[in-house]
Amino acid sequence: MDARRRTVLTAAAAGAAGLVTACGSSGDESSTASAPKTSPSVTPSATASTTAPKGSNASGTVLAKTSDIPVGGGTIFQEQKVVVTQPKEGEFKGFSAICAHAGCTVDSVSNGTINCPCHGSKYRITDAAVVAGPAPGPLPVERITVTGDTIRLV
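Read in order, the letters of the sequence shown correspond to residues 43 to 196 in our numbering.
Written as structure tokens, this is what we have:
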């Protein structure tokens, strides 16, 4: 292979790597990567909670205290890409924070829904079912446990 062709192929490979890196970024996450976002909601709904049995050895990544999750709302944990909701007092749900439509990260929880800023998809805080928008299905469930006042991602 001649030197000119090698230079073109090397430049093309470098450009493709840059494109992949740029496409993998979803914008402003680096400035709030470790800070959870919370938004209260006014539409609580009853569902079963995911709770570790009393006396069990708790393991997993500590996300928050139960008091950090607003009743009828939720908190988004950017670094872990998870959203924890509390549809009604004492009941906690964990879901992926990655929108099922285009892979954007949801950015708020309000009025009983988890909201994606990219194309307007909205998911119910009780079961992550699609309420509005182009999302083809619900947010995937993330396994969380609640032991005492600590919520963990397992």
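In this text, a Cβ means the ideal position worked out from N, Cα and C, and glycines have one as well. Since this is a predicted model, take the numbers as computed values, not measurements.
In the DSSP assignment, residue 147 falls outside any beta strand (DSSP E) and carries neither an H nor an E. Contact annotation: the segment 161–181 touches the segment 122–138, with at least three C-beta pairs closer than 8 Å.
Going by beta carbons, residue 136 and residue 185 fall inside the 8 Å limit.
Under the three-state reduction of DSSP, residue 192 is assigned to strand.
Residue state for residue 109 is assigned as helix, using DSSP reduced to three classes. In this structure, the CA atom of residue 130 is about 16 Å from the CA atom of residue 107.
Taking C-alpha positions only, residue 155 is separated from residue 102 by approximately 26 Å.
If you draw a straight line from the Cα of residue 194 to the Cα of residue 151, it comes to about 19 Å.
In the three-state reduction of the DSSP assignment, residue 167 falls in the coil class. For the set 142, 133, 162, 165, the Cα lying nearest the Cα of residue 189 is the one of 133. For residue 160, same chain residues with a beta-carbon under 8 Å away, outside a window of 5 residues either side, are 141, 143, 144, 146 in chain order. The shortest C-alpha to C-alpha distance from residue 114 to any of 169, 162, 104 is the one to 169. Counting along the chain, no beta strand (DSSP E) covers residue 183, and no H or E run does either.
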